[in-house]
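Accompanying notes for the structure given below.
There are 2 protein chains.
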Amino acid sequence: MGDFCPVPVEEKHGEFLKTVIEILFKNVVFTTRQDKVILWIPPDKLEEQFDFSLTQNGEDHEKLLLLLKNTIKFSVKTGHPYFINQLFSGLDPYGLAGQWLTDALNSSVYTYEVAPVFTLMETHIIREVCRMIGPQWSDGMFCPGGSFGNGTAINLARFNLCPDIKKKGNNYEQRLVMFTSEECHYSIYKFASFVGIGEENVIPAAVDDKGQIISSDLEMKIKQQKDNGAVPFLVVATLGTTVRGAFDPINEIADICRNHGVWLHVDAAWGGGLIFSQKHRAKLNGMERADSVVINPHKLLAVPQQCSLLLVRDEGLLRGAHSKGAEYLFQKDKHYDKSYDPGDKYLQCGRKCDVFKFWFMWKAKGSSGFANHIDALMKTAESFEKQIRNRPEFMMVSDRQYMNVCFWYLPRYLRGKSNISEYAPQLHKVAPEIRAVMIKHGSVMLGYQPLKSLPNFFRFVSQNSSLNQKDVDFILDHIAEIGDSLFP
Amino acid sequence: MGDFCPVPVEEKHGEFLKTVIEILFKNVVFTTRQDKVILWIPPDKLEEQFDFSLTQNGEDHEKLLLLLKNTIKFSVKTGHPYFINQLFSGLDPYGLAGQWLTDALNSSVYTYEVAPVFTLMETHIIREVCRMIGPQWSDGMFCPGGSFGNGTAINLARFNLCPDIKKKGNNYEQRLVMFTSEECHYSIYKFASFVGIGEENVIPAAVDDKGQIISSDLEMKIKQQKDNGAVPFLVVATLGTTVRGAFDPINEIADICRNHGVWLHVDAAWGGGLIFSQKHRAKLNGMERADSVVINPHKLLAVPQQCSLLLVRDEGLLRGAHSKGAEYLFQKDKHYDKSYDPGDKYLQCGRKCDVFKFWFMWKAKGSSGFANHIDALMKTAESFEKQIRNRPEFMMVSDRQYMNVCFWYLPRYLRGKSNISEYAPQLHKVAPEIRAVMIKHGSVMLGYQPLKSLPNFFRFVSQNSSLNQKDVDFILDHIAEIGDSLFP
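These protein sequence lines map, in sequence, to chains V and R. Numbered by the working numbering, the letters in the first sequence go through residues 1 to 488 in order. Numbered by the working numbering, the letters in the second sequence go through residues 1001 to 1488 in order.
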């Protein structure tokens, strides 16, 4: 690129890339429990310590390697077993190999001719996942995250009700309304606004004490809206809610949707990976009765960021709702059957290949490998819950249904008390304070949040199947120790 | 992951990853002119020759490495100098290093605490690109591609007109209409449908013989729509159209937008990279008068897939239009200033880090490196055009304005004729047939398309600055040779 160099460019670049790989192997890929999860520095201090500046002239390789090392140093090690902060974690070596290959090929997956292997691979993965859901499932697409998948489903449901909206816009005579759980993912609201439905037309159904939709409340609200002259067109149920890991009663909800002629979308971004586990698959029963489903392999299955699938039952739907037929990409006189070009059923044009890493992991482990991964995770979650129930300094927020274990650490003065709720303002401060200490130590990254009137609580959740019983003990002892020193 | 192995898992995985890297170095990263761009196989044959199957049990490392090699073998080498098929190409070693690091860290960029370096890096890049656009520009976001960025801008324009639509939905009393070039990117229509505007409410303005919007036609259509009772809310202008590389007259359009109180969005996905070139920056003059701009560094600047930016002038706008405030991510009682968390201004939740590769390339080359890259590309395009004009077997479709050189290969019987358009049906078949031969040879991947009544023509376009004068000669000789044998 116009740089002056005494050795051939390729040789110079080859040496550089090899050094980069060595640094990655040494400092990121094989993180161990002895490493810190995070080297905490507040934003203003990081601004001082890291050279973010963008300048006229480039830097030499030595400086670039230093910047690389600093990037690693100050970044969170999401592959560390004690990164239990989000619905993703772990670093699978086959997934990583798949990513690295994907990057080297730098494809965009819109036509067969530009991405022959990856377009067919997408078809195989989509077909296989559809088969695993149910016999009538037939199509799907890869999405840049579950939020976008949920948003796409909202538009599909609307298109199904009234295909004319694609052309005419959402100036429907009557108000369109959709329904979801009051504990749904926030993307439902964001995308309801984005697609022109409006967040006030998203009606939340009440949940029970485990966080599952109460079907009777949902049906009552659908009727209410109809009585008010609105047109219900969609129910979004969740299999594996973000905070509590709740599973909505899909069969009951599917009955309601059928009776009222309403589209059923299932947000199984977090729970859907269970489809691989013979032991726990039953939690998804009824999912096959939905019209669309989102599953994020980058969550439960630990596929690298990002890998998200939107699956649909109706075969022509994606093309019907999204096609535009740009002739510079999808020429009519191609030298091969252009039904192999997936691009026109997508909303994205250029699209990074997200299939290969997933396919490669599947090849490496087989379906049984994913099943073992899930079963090991579930055992860890069970053991975590058991400890919470056995130790007086901890308390469950609600019954565990999945990987999510939601719990409070109780300062001494609250242990054994039956009227915890009266101390909500005090309890609310406990989790953030303990967490701040853990982050500053760099020892454990564990999320917390409030939920409606419930004061802040911790959410344990792992997708890293190398986490074992000893780790569970360590994490809980660690929280207890910090809690004890902060709230003596 | 539960596999039985006599050597420690890490060692086994380490060896495997090292072998993968060796394969990538040998077969993809340093593609040369001696390699084929594509090993063409029709879809049904590839199905036979490649093992796509997904099975219960995993494969051993030997088989996995073979699958990797086959994936490379049958994939298009987009880094090859003769991949001139799309608005992306080339494989930058610093960009690749950046991607590989990004993958190893496997971050999701929603909060400072989970992605300290990357969140601040995004802020720095956005701030710097805003500064390069104009003094009043202040905010932006990374998007999964230019289509999504354009779609987001449509919603921003609507939100700006009527913030209530976020809550109430698009049941606006009057019909909302938007305007664009008849040669705009198709994402404008796709997302107009998606966000609930409807593709019939996208009014195309006529273009001149170079493909630039005719301002008077645009203004006339805005007035027409107003007279019909519709509410114009957005004009999308393009700087660098997909096919012809046309630059709409931004200053004239900005005047019209100001007079009619309409939002101006500029789709500079393809042209926006020129912002780095002192020599060619003037093509973007007037862009600073827009309200929002999309620039894709993964196009002109050869940043690896994907890297796309949506920039806006108004500081609070992204948060205003997109925020929802999910408390499990954006807790109110964080131990740091949560204004550093970018997540709530985004529509995506989990989001792959796209900033690092761009930032790292910028560090490696400096702004001047990007400028050299652009200037070299423009020289190649100039030289390509010159040859087209000099050789009797080729003909320009319209004047070149940018990197895109649109041209016909003329069979002997058409050379020197002034009434080419009478032979449109015959000429229409020429480019696809020549291209099919090139693809089967695996020699050159060069795109073609029709445009309105114009018969199929080739579009030369490169983002790979290693393409030189000899390559231009080779490509044109190659086309001429094939043309000559097909149409003697």
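From the three backbone atoms N, C-alpha and C, an ideal C-beta is built for every residue, glycine too.
Task: Beta carbon of R:W1137 nearer than 8 Å to that of R:L1284 - done: No. Outside cutoff.
TODO: Find the residues of chain R that neighbour V:N106, judging by a C-beta separation of less than 7 Å, and give them in chain order.
DONE: T1078, G1079, L1091, P1304, Q1305
TODO: Answer with yes or no whether the minimum CB distance from V:R340 to chain R is below 8 Å.
DONE: In the sequence as displayed, the identity of residue 340 of chain V is Tyr instead of Arg. For V:Y340, the answer is yes, since a Cβ of chain R falls inside 8 Å of its Cβ.
Open item on the list: Quick check: the Cα distance between R:F1088 and R:C1307, rounded to an integer number of angstroms?
Closed with: Their Cα atoms are separated by approximately 11 Å.
- [ ] Keeping to the same chain, check which residues put their C-beta closer than 6 Å to that of R:T1242; ignore five residues upstream and five downstream.
- [x] H1185
- [ ] Find the nearest neighbour of R:M1396 within the set R:W1408, R:G1343, R:M1403, judged by alpha-carbon distance.
- [x] R:W1408
Task: Closest Cα partner of V:A436 within the set V:I479, V:R313, V:K299 - done: V:I479
TODO: Assign V:G447 to one of three DSSP states: helix, strand, or coil.
DONE: strand
TODO: Report the residue from V:R400, V:L446, V:D375, V:D341 whose alpha carbon sits nearest the alpha carbon of V:S466.
DONE: Of V:R400, V:L446, V:D375, V:D341, the residue nearest in Cα terms is V:D375.
- [ ] For V:A230, collect the residues of the same chain with a Cβ closer than 8 Å to its Cβ; drop the 5 residues on either side in sequence, then sort them by chain order.
- [x] Q174, R175, L176, V177, N201
TODO: Let me know the secondary structure DSSP gives V:P249 once reduced to three states.
DONE: coil
TODO: Note the first and the last residue of the continuous alpha helix (DSSP H) segment covering R:N1070.
DONE: 1061-1073
Task: Assigned exposure category for V:D344 - 16 Cβ within 10 Å defines buried - done: buried
Open item on the list: Between which residues of its own chain and V:A364 is the CB-CB distance below 8 Å, once the five residues before and five after are set aside?
Closed with: Y94
Task: For R:F1408, three-class secondary structure by DSSP - done: In the sequence under discussion, the amino acid at residue 1408 of chain R is Trp, which differs from the Phe named in the question. Note: R:W1408 maps to strand in three-state DSSP.
Open item on the list: Quick check on the DSSP output: the beta strand (DSSP E) that includes V:M178 runs from which residue to which?
Closed with: Its beta strand (DSSP E) spans residues 176-181.
Open item on the list: Rounded to the nearest angstrom, what separates V:Q278 and V:M287 at their Cα positions?
Closed with: 15 Å
Task: Neighbour flag for V:I126 against chain R, beta carbons, 8 Å - done: no
Open item on the list: So R:A1254 contacts chain V; which residues on that side make the cut at Cβ distance below 7 Å?
Closed with: Ordered by position in chain V, no residue passes the 7 Å Cβ test against R:A1254, which lies about 26 Å from the chain.
Task: Environment of V:N57 [buried if 16+ CB atoms lie within 10 Å] - done: exposed
Open item on the list: I'd like the ranges of any beta strand (DSSP E) spanning at least 3 consecutive residues and lying wholly in the region 128-196 of chain V.
Closed with: 139-143, 176-181
- [ ] Out of R:F1276, R:K1063, R:G1169, state which residue places its alpha-carbon closest to the alpha-carbon of V:T55.
- [x] R:F1276
Task: Residue from V:C353, V:P116, V:I253 with nearest C-alpha to V:L101 - done: V:C353
Task: Own chain partners of R:C1257 with C-beta closer than 6 Å, once the 5 adjacent residues on each side are dropped - done: Contacts found: V1235, L1264.
Open item on the list: If we define contact as Cβ-Cβ less than 8 Å, is R:G1014 a contact residue for chain V?
Closed with: yes
- [ ] Give a yes or no on whether the minimum CB-CB distance between V:P144 and chain R is below 8 Å.
- [x] yes
Open item on the list: Buried or exposed for V:A282, going by 16 or more other Cβ atoms inside 10 Å?
Closed with: Counting Cβ neighbours within 10 Å, V:A282 comes out exposed, since fewer than 16 surround it.
- [ ] Please classify V:V202: does DSSP put it in a helix, a strand, or coil?
- [x] Correct three-state label for V:V202: strand.
Open item on the list: Could you compute how far the alpha carbon of V:P450 sits from the alpha carbon of V:I439?
Closed with: 19 Å
Open item on the list: What does DSSP give as the partner residue(s) for V:S292 in the beta ladder?
Closed with: V:H265, V:V312
TODO: Return the CA-CA distance between R:P1342 and R:I1222, expressed in angstroms with no decimal places.
DONE: If you take the alpha carbons of R:P1342 and R:I1222, they lie about 36 Å apart.
- [ ] Enumerate in chain order the residues of its own chain whose CB-to-CB distance from V:F384 is below 7 Å, with the five nearest sequence positions on each side excluded.
- [x] V405, F460, V472
Open item on the list: My output table needs one value for R:M1378: the three-state DSSP class, helix, strand or coil.
Closed with: helix
Open item on the list: Which residues in chain R have a C-beta closer than 9 Å to the C-beta of V:G273? List them in chain order.
Closed with: Within 9 Å Cβ-Cβ: nothing; V:G273 doesn't reach chain R, min ~14 Å.
Task: Within chain R, the residues that V:L24 reaches when beta carbons sit closer than 8 Å - done: W1100, L1101, A1104
TODO: Can you say whether V:D267 is buried or exposed, counting buried as having 16 or more other CB atoms within 10 angstroms of its CB?
DONE: buried
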